[in-house]
Amino acid sequence: MRPSSCVGFALFLTFACCEQASSAGGDFHVEDGFETDALDQSVWSTKQIKSGLYHLVPDPRCGTQALAITVNDDEFEENCSDEEPKCQRAEIRTQPAHRATYGQVAWYGFSFKVTGDISAEGSHRFVIGQWKAPFDDSPFLAQRFDDGIFHITVQNNKDQWTVASADGVASVPPESGLTLTLGERPTLPSPRDTWVDMIYRVRTGRTDNVYGPRQEGQIDVWANGHSVVSVRGNIGATLSKPPDTWLIYFKTGIYRKYVPGEVTLYFDEFKIHHYIEEVQPSCN
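For the sequence shown, the residue numbers in this note's numbering are 165 to 448.
Pasting the structure below:
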């Protein structure tokens with residue numbers, strides 16, 4: 165389902181419909197429907213996933229294939245955080261040529277679903293999509309699936325806040341440094357066994373940056389063609405020194421505390437562009 169080009173935007177009064185692409189940064193746009201014989205290494209880095217954990221499968225959102233990433237009981241790492249001696253990580257990330265510059269507006273679109281042994285408890289730090297900017301220890305924006313509940317978090321330095329959830333309408337306190345504007349359908353759909361189409365408009369930023377753009381960040385979210393939430397405020401880590409790179413990257417896959425059982429993330433219709441019209445699914 166596609167969001168209307170202008171009517172849907174009226175719910176988010178903080179930016180103009182049909183905006184022009186930002187002049188900052190490069191031409192980072194990309195489309196990947198996973199229709200080739202192998203994962204496109206010019207689009208994706210596979211340094212955080214073993215070759216046997218991802219496959220192109222005939223279970224698409226559109227076209228003939230999708231990407232499937234699977235972890236099971238035998239897949240875990242032991243070089244995890246102190247509080248989690250074992251974790252499971254199987255993620256791909258965008259290559260540098262397909263990364264927006266800090267402060268630049270970028271639109272992201274993709275479809276995904278999750279199948280398998282999905283625990284209703286004890287399944288924590290289950291990240292199924294994340295964006296990182298300079299100096300981010302935790303992703304400034306993340307899709308999570310803890311205990312089988314799809315939710316979206318935004319980071320303000322060390323503080324993480326839920327800005328949308330399939331378990332009800334999210335809210336944040338004043339001390340979060342964030343402002344939420346609820347959309348047409350502020351409760352997220354569940355991706356459990358069912359494709360969900362996501363669109364994100366992302367502009368990183370903080371008003372307390374010492375280096376780089378000194379402006380509010382903004383994230384706008386659509387799910388299955390309906391506006392969910394608009395988030396404004398100080399997003400990500402404060403840039404208190406010059407970063408090694410100004411690029412932000414997107415990762416998808418499975419990163420979670422170790423949980424027994426097998427789970428698969430299906431991913432399709434991935435697009436990054438300057439305009440919303442270019443990141444919508446290729447089929448209805």
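Don't be surprised by glycine CBs; every beta carbon is placed ideally from N, CA and C.
Please read all numbers here as calculations on a predicted model, not as lab measurements.
Apart from sequence neighbours up to five positions away, the residues of its chain that approach N320 with a beta-carbon distance below 6 Å are G341, N398, ordered along the chain. Shown here, H262 sits in a helix according to DSSP, grouped into three states. For R367, the enclosing beta strand (DSSP E) begins and ends at 360-367. Here N373 is buried. Its C-beta has 16 or more other C-beta atoms within 10 Å. L305 and F240 have their alpha carbons spaced roughly 24 Å apart.
In this structure, the beta-carbon distance from T428 to A232 falls below 8 Å.
Within the stretch 256-339, the complete beta strand (DSSP E) runs of at least 3 residues fall at 270-280, 291-296, 305-308, 315-320, 323-329.
Following the DSSP letters along the chain, one finds K421 inside the beta strand (DSSP E) bounded by residues 413-421. Burial is judged here by how many other beta carbons sit within 10 angstroms of a residue's own beta carbon; A334 has at least 16 and is buried. Per DSSP, the unbroken beta strand (DSSP E) holding Q382 starts and ends at 381-387. DSSP links F434 through a beta bridge to D196. In the DSSP assignment, L220 falls within the beta strand (DSSP E) that extends over 218-221. Measuring C-alpha to C-alpha distances from H288 to each of Y419, L352, D432 identifies Y419 as the nearest. Fewer than three pairs of CB atoms, one per stretch, sit closer than 8 Å, so the stretch 257-268 makes no contact with the stretch 386-397.
A direct Cα-to-Cα measurement between N388 and V443 gives close to 13 Å. When DSSP states are grouped into helix, strand and coil, I440 belongs to the helix group. Distance from the CA atom of L346 to the CA atom of A202, rounded to whole angstroms, is 40 Å. For R396, the enclosing beta strand (DSSP E) starts and ends at 390-397. In this structure, DSSP gives S209 an extended state, which the three-state scheme calls strand.
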